[in-house]
Structures are given as structure tokens and as C-alpha cells.
Amino acid sequence: MDNKQRKNYTDLISGLVVMALAAFFYWTTIGTKSFMKAGRGRLAPDAIPKAVAIAMFVLGIIIIVKWIISSSRGKVPPLEIVDDSEDCVGMTEAQIRNRHLFQKITMPLTLLLILLYLIAMPRIGFTISTFCFLTLQITLLSADLSAKSWLKNLLIALIATLVIYIIFGCAFGLAVPKVSPVDLGLGNLYRSVFG
Amino acid sequence: MLQLFAQGFQQMASWLNIAMVAFGVFLGVVFGCVPGLNGNTALVLVLPLSYKLPRMAAFALIMGIYIGSCSGGLISAILLNIPGAASNVATQFDGAPMARKGEAGKALGTGIFYSFLGSIIGFIALFFLSGPVASIAINFGKADYFWMAFFALTMVISLSSKNLWKGLAVACLGLLCSFIGASEVDGTTRMTLGIHALDAGINLIPALIGIYAVGELINASKSFDKKVKIETNYKIKGFGFSWLEFKEQFVNMLTSGVVGAFIGILPGIGGMTANLVAYSVSKSTSKHPEKYGKGYMGGLVASETANNACVGGAMIPLFALGIPGDTFTAVMLGVMMVHGLQPGPLVMTKNADFIYGIFVALMLANIFCVILQYFGIKLFVRMLAVPKHILLPIIMVLSLVGAIAVNNRIFDAWIVLIFGIVGIVMNKLEFPITPIILGFILGPLAETNLRRALMVSKGAFLPLISNTPSIILISLSVLSLILAPRLLKREAKAQAEQEALETSNSAE
Chain X
31 MDNKQRKNYT DLISGLVVMA LAAFFYWTTI GTKSFMKAGR GRLAPDAIPK
81 AVAIAMFVLG IIIIVKWIIS SSRGKVPPLE IVDDSEDCVG MTEAQIRNRH
131 LFQKITMPLT LLLILLYLIA MPRIGFTIST FCFLTLQITL LSADLSAKSW
181 LKNLLIALIA TLVIYIIFGC AFGLAVPKVS PVDLGLGNLY RSVFG
Chain G
20 MLQLFAQGFQ QMASWLNIAM VAFGVFLGVV FGCVPGLNGN TALVLVLPLS
70 YKLPRMAAFA LIMGIYIGSC SGGLISAILL NIPGAASNVA TQFDGAPMAR
120 KGEAGKALGT GIFYSFLGSI IGFIALFFLS GPVASIAINF GKADYFWMAF
170 FALTMVISLS SKNLWKGLAV ACLGLLCSFI GASEVDGTTR MTLGIHALDA
220 GINLIPALIG IYAVGELINA SKSFDKKVKI ETNYKIKGFG FSWLEFKEQF
270 VNMLTSGVVG AFIGILPGIG GMTANLVAYS VSKSTSKHPE KYGKGYMGGL
320 VASETANNAC VGGAMIPLFA LGIPGDTFTA VMLGVMMVHG LQPGPLVMTK
370 NADFIYGIFV ALMLANIFCV ILQYFGIKLF VRMLAVPKHI LLPIIMVLSL
420 VGAIAVNNRI FDAWIVLIFG IVGIVMNKLE FPITPIILGF ILGPLAETNL
470 RRALMVSKGA FLPLISNTPS IILISLSVLS LILAPRLLKR EAKAQAEQEA
520 LETSNSAE
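This is the structure:
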């Protein structure tokens, strides 16, 4: 195994993120209008949020300063590189490369899929959007793009969607978006069978 | 008290409730033993169901999951040499060597039995402490409430953070998120950026699902193809240990139970700290510390008693004060609110029959847990091979349905996504997650009471720190900042020693 070590910027980035978020929240408090008359001991509704945001900003600075001090003394431990060679026993070079690629893209693609799912759900209804989301997400996690796997995943997604929709959307009457003919049709079918 | 208990029985006495406890335990054990899934994931999965069930049945289900998931991890810790959940890490230290020595049956029996005893210790703590704690808190003034929230927050920050400053920073983030929307004192909406859906603030459940579940699911998806070797050579006869061994372990069991229940009470940490600390305490007080880590029953007893004792402990602040100690109890708090209960010290008196019903459900869950694990062990072992790439997306869909159904709007699903991204970023940057959650829950409590107290005192600060409960709570906050690092050292020590032992074992 090669022992290349990368410099650890985690806390520097952490401090910057904390400062940015604090600034953002401070900005959202600007322009708050209170219905309450000011008086002794009466804090304005934005006083405490402002104070907390300022405190958070200062904490961001402290985190960065601490990082600078300890990194100048060489005390920041280098980034750990995850060793998964044990899991890769018996895999070909190409399989290992594929595996690492999938590990890298799983998270952003999962978030993207959830984003698209949420955009689609109110527009095309619960059943169709859920069916598409499940098929794609299961395929993504299975890391297998063969035709056989697609077919299996389609079938699983179909059954899961129907079960979830009939239990939660129809029987429990939860307010999932019912838009498409499929949503409405299934709802009618459920009512005609169970009353 | 007996009368209340009888009322509790009455509340629980229906087939639906009993079935829900059993179902919950089953689900809890399965999610507990599959590495990468845990009790929180199981809870998220049943959220939509829990809204629609009658109140008692919903909490019977939740209690079942809580108990089951705490215990279920022992199966994989022993047979797979991978802890099923963080609360079973120390179980693996002695459980896995026992299995290698051909004592898997004894290890499983011991684990299951002492989980049961641990739950009983936790239950006793819950039963006898929650009432008195609530009756103290009922007399709290506004300033006292503020300091109570302050104390809970300092505890969480000092206990859950390796880096205190980062803990403080994310607690601030949680507070700021909780301030969004109408302020409780004067009804002024603030920080909404003109988005009307935010006028009533961010709901707890979608925020928790996002911060916790989305990140967890994505993390779990990374480990789905880890190769595992299951120890299949085992037989359970009785519980596998003798009366003499039971007597030998009695003191160990009691100490570990007390340690577990105590750690459960502390906010911000739970089973995952309890089992390691109890293991370390047990080892340092034992007559045979050299046996630990090599397949000694005592280590297993300490870990499994402590993590289950934690459950009862963790519910004391939830019921008595309305302050949850970990993610699981935080979600429970959210479900309580969906079912129209206002958490706080008044719940213990106003909804006493319901609370005692929960106590009964807890006992029932405990009994089911022993029976299910004992007779169903073969089934649960087979569950370890459940295809996670199929299960995780389905849990994702159900958690979004659970978020949408809280207020019947898609907006809350967006909250899940946003908080999910926050959770992933925080995780990546090594921020502790619990302070955000507790900050979010305690924010309104702290702010409202501080503002009201200041109104009463006409802006003077001295009256806020001069009555007895306030002084005690302030001292406790200071104390927690001093003492918490010691507790954490103990946890780290147990883990480091075990790692050293393992490397020396593998070198031999």
C-alpha cells in the first residue's frame, strides 16, 4: 500500500463554513419588525438570534485560529486514507476501480435523485415518481447495470411502490400527492374493494 | 402509584397494542443486528404508521423498537465480529472471541439474558426517578427553565464533542434553526426570508429525518458490499451459563446497569458510550482484568447490561422534563407532539395513564425481546444477509412520506433534503451531530424563558441567577464541562486497550 498522506484542511474548512452560516443567519434577521413595544427588559425578537449568530461567527474564527496554530506546529494529524483492500480481495483491477468510482458518485447522485423526486412528486403524482425513484436508486446502490439487474429492480420498485401507496396513501389516507391517473385509479380501486 | 400502574395496564390491554410491541421488537432486533442499520432507521421507517395508529399503539410500537434495537446488535457482534450498532461495540470485545472458542451459544445466551436484566435496571430507574424529577421541575420558574436548557446544552456539547469549539458552533446552528418562524413571546415572524411555509418554524421530525436518516442511509450504502463471515457453529441450551457464574457476575451486572442507566440520563450520549464505559469500569474493578477481551463472560455482561439499562435512563429526562437525550428519544418527542402531547413535567401528571401505559409497554417489550431472540436467532442470522441496496431506497421513500404527513405538505420533504445536506457536510467536516439536534429542540425553551424572565425582572440580570434551582443548574453546567472529558477518556481508553489487545493477539 502506498503511504501518501494528504494535508488535513478539515478544521480550516469547518471554520469557514461556520462563519458563512453565521453570516447568513445574521443576514436573515435584518429587517425584523416587532409587534411589541420596547421597554425595560423587553428583548427585541431578533436580539437573541443576532447574539447567537455573532457568537457562532466568533466560534468560526476560533476554530480557524486553532487550526492555523496547530498546523504551524505540525500537530494536525494527516487525513486518514480508508483502506478497503480487505473487501476487494478476489476482485479484478477493473472491478476495484469500478467500486471506487461508485463509492464516489453514490452520494451526489443520491442527493440528485431525491431532488428530482421531490420536484416530480407534486407534478406527476406519488406512484409514478416513487416508481422511477426506487428503480434508479436501487440500481445505483446495486452498482450493477446489466439488463437482468434492471429488470429485477424494476419489478421490486413496482411492488414496493404499490404496497407503500396502497397502505399509506389509500388505507391510512396520508396526504401524498395524488395527481396522475395511476394514483387516482388505484385510489378508486381501493375504495371499491374495501369500501 | 399502584393505581396508576393498573391504569397503565388498562391502557395497554388490547391485542393491537400487544401486537405492536411484538412487531416493534422484531423490527428493532432486525435493524439492530444488520450492521449499518439501527434503531433510528427502524423508527424512521414506521413514522407514517405511528401517526395513524392510536396513541398507545404507536408508542407500544416505538418501545418495542427501542428495546429490540438495543439488544439486536449483540447477534452480529458475536456471530459476525461486527457490532450491529454502536451500542454493541464492547459486546464484540468478548463475544466474538467466545464464538471463536466454540462458545457462541453461551455468548448469545448470556447477551440475551443480560440485556433483559439491563432493561429491568433501566426500567427501575425510570419508574422511580421520573416522577420525583418531574415534581421538582414543575416548581421551576422561568429563569430556572432557561438554565435547565442551558445545562442540557452544555452537557451535550461537552459529552459529544471531541473538539469543544466545533460542538459549540453546531449547537449555535441548531439554536438559529429553531428561531426561524414566529417567536413565542410576541408572535413576530423572523428569519423566514419571506417564505410563508416557514412562518410556523421548522418542524422537528423532518429536520431530524434529514439530519440523521439521509446521512445514515448514504453512509450505510457505502458499506453494503462488505464481506462478512458468519459463525454458524453454535447451539443454545438454556442460557449457556451456570448458577455459579451468575452469582460471580452479580456485582458486575449491578454496577454496569447503574452505569448504563446513569449515562442514559445524560443528554447527548447513549448506548454507544454506555457499553464502552461499563466495559472499562467492569474491567478495572474485576479480579481478573487479564481475561477481558479474550472471550470472558464478564465483558459481555457489562456491555449488554449497560446498553439496555440506558434505554430506561434516557427516557427519564424525556418524560420528566421534555428534554430528549439522543436521536431516538428526540424523534419520540416529535411523535408525542404529533399525537397532541405537550412534553414537559406536566405530562407526568396530566397524562399519567398514558405514561404508565408506556412503562407497561416497556416491560412487555423486554419480555418479548428475550423470547424472540432466544427462539428466533436462526431467523435473525438469516436476516443479516438482507439486500441493503433494496432496503435503503425504500426506507428513504417512507421517511419522505413520514415527513410529508406531519403537516400534509411537500414543503417538509424539502426540509428533509436541506437538513440531509447539512448533516452530510457536518459529518464530512467531523462536527458532532447531537448538539445541532439538542440546540434545535432546546432553542425555543431557552429563548422564551430567558425573554420572559427578563420581562419579569425588568431587565435586571441578578434575579436570574439568584434562586436556588438556578444556582444548582448553573453549578451543574460548570461541573459538566469539567467532568465530561473524564468520562470520554474512559470511553476512549476502553477502545484503545481493546485495539492494542487485538493487534497483540493477531501478532501472536
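Residue numbers (the numbering used here), protein chains in the order written: chain X, 31 to 225; chain G, 20 to 527.
Ideal placement from N, C-alpha and C gives every residue a C-beta, glycine not left out.
Given the structure is predicted, the values throughout are model-derived calculations rather than measurements.
Just how far apart, CA to CA, sit residue i and residue j?
| i | j | result |
| --- | --- | --- |
| Met316(G) | Lys306(G) | 13 Å |
| Arg153(X) | Glu510(G) | 51 Å |
| Val108(G) | Leu520(G) | 15 Å |
| Leu109(X) | Met382(G) | 46 Å |
| Leu398(G) | Leu469(G) | 53 Å |
| Leu219(X) | Gly225(X) | 9 Å |
| Phe269(G) | Gly276(G) | 11 Å |
| Lys185(G) | Thr487(G) | 32 Å |
| Ala153(G) | Gly353(G) | 20 Å |
| Leu295(G) | Phe55(X) | 38 Å |
| Pro102(G) | Phe50(G) | 12 Å |
| Tyr298(G) | Thr346(G) | 23 Å |
| Ile288(G) | Leu214(X) | 46 Å |
| Thr453(G) | Ile84(X) | 21 Å |
| Lys178(X) | Gln167(X) | 16 Å |
| Leu498(G) | Val366(G) | 29 Å |
| Ile490(G) | Ala371(G) | 30 Å |
| Gln30(G) | Ser301(G) | 39 Å |
| Ile190(G) | Ser222(X) | Going by the sequence as given, residue 190(G) is Ala instead of Ile. Going by the C-alpha atoms only, they are around 52 Å apart. |
| Phe163(X) | Gly83(G) | 31 Å |
| Thr59(X) | Phe87(X) | 15 Å |
| Phe459(G) | Lys181(G) | 20 Å |
Provide the residue(s) that pair with residue i in DSSP beta bridges, ordered along the chain.
| i | result |
| --- | --- |
| Ala201(G) | Thr208(G) |
Let me know the secondary structure DSSP gives residue i once reduced to three states.
| i | result |
| --- | --- |
| Asn128(X) | helix |
| Pro73(G) | coil |
| Asp372(G) | helix |
| Gly91(G) | helix |
| Ala15(G) | Coverage of chain G is limited to positions 20 through 527, which leaves residue 15(G) absent and any answer about it impossible. |
| Gln268(G) | coil |
| Arg505(G) | helix |
| Asp345(G) | coil |
| His358(G) | coil |
| Ile157(G) | helix |
| Thr129(G) | helix |
| Ile288(G) | coil |
| Leu62(G) | helix |
| Lys120(G) | coil |
| Pro406(G) | coil |
| Val435(G) | helix |
| Ser476(G) | coil |
| Glu449(G) | coil |
| Lys302(G) | helix |
| Lys63(X) | coil |
In chain X, which residues lie less than 7 Å from residue i when you measure between Cβ atoms?
| i | result |
| --- | --- |
| Pro504(G) | Per Cβ cutoff of 7 Å: no residues; Pro504(G) is ~17 Å from chain X at best. |
| Ser202(G) | Pro75 |
| Val470(G) | According to the sequence provided, residue 470(G) is Arg. The question's Val does not apply to it. In chain order: Leu73. |
Which chain G residues are close to residue i, counting only those with a beta carbon under 7 Å from its beta carbon?
| i | result |
| --- | --- |
| Ala177(X) | Under the 7 Å cutoff, chain G gives no residues; its nearest Cβ is about 17 Å from Ala177(X). |
| Ser172(X) | His408 |
| Gly71(X) | Leu473, Met474, Ser476, Lys477, Gly478 |
Going along chain X in order, which residues have a C-beta closer than 8 Å to the C-beta of residue i?
| i | result |
| --- | --- |
| Lys120(G) | Per Cβ cutoff of 8 Å: no residues; Lys120(G) is ~23 Å from chain X at best. |
| Pro67(G) | Phe198, Phe202, Leu204 |
| Lys161(G) | Those do not exist, as Lys161(G) stays about 12 Å from chain X at its closest Cβ, beyond 8 Å. |
Starting from residue i, find everything on chain G with Cβ-Cβ shorter than 8 Å and list it in chain order.
| i | result |
| --- | --- |
| Ser64(X) | Asp205, Thr207 |
| Phe161(X) | Ordered by position in chain G, no residue passes the 8 Å Cβ test against Phe161(X), which lies about 10 Å from the chain. |
| Val82(X) | Cys191, Leu194, Leu195, Phe198 |
Looking at chain B, is there any beta carbon in it that lies within less than 8 Å of the beta carbon of residue i?
| i | result |
| --- | --- |
| Phe450(G) | Here the protein chains are X and G, and chain B is not one of them. |
Under 9 Å Cβ-Cβ, which residues of chain X neighbour residue i?
| i | result |
| --- | --- |
| Gly43(G) | Correct list: empty, because the minimum Cβ distance to chain X is about 17 Å. |
| Ile440(G) | Leu141 |
Cβ closer than 9 Å: which chain G residues qualify as neighbours of residue i?
| i | result |
| --- | --- |
| Ala50(X) | Result: empty, since nearest Cβ-Cβ is about 11 Å, beyond 9 Å. |
Three CB pairs or more closer than 8 Å across the stretch 193-206 of chain G and the stretch 496-513 of chain G = no
Does the count of Cβ pairs from the stretch 114-134 of chain G and the stretch 427-442 of chain G closer than 8 Å reach three?
-> With the rule of 3 Cβ pairs closer than 8 Å, the stretch 114-134 of chain G does not count as touching the stretch 427-442 of chain G.
Three CB pairs or more closer than 8 Å across the stretch 63-78 of chain G and the stretch 329-340 of chain G | no
Would you call the stretch 37-50 of chain X and the stretch 448-463 of chain G in contact, with 3 or more CB pairs under 8 Å?
-> yes
Check whether the stretch 213-224 of chain G touches the stretch 465-480 of chain G, counting contact only when three or more Cβ pairs, one atom from each stretch, lie closer than 8 Å.
-> Result no; under three Cβ-Cβ pairs closer than 8 Å.
Cβ contact (3+ pairs, closer than 8 Å) linking the stretch 131-147 of chain G and the stretch 412-430 of chain G | In short, these stretches do not touch, since the Cβ pair count stays below three.
Three or more beta-carbon pairs under 8 Å between the stretch 415-432 of chain G and the stretch 158-166 of chain G, yes or no?
-> Too few Cβ pairs lie closer than 8 Å, so no.
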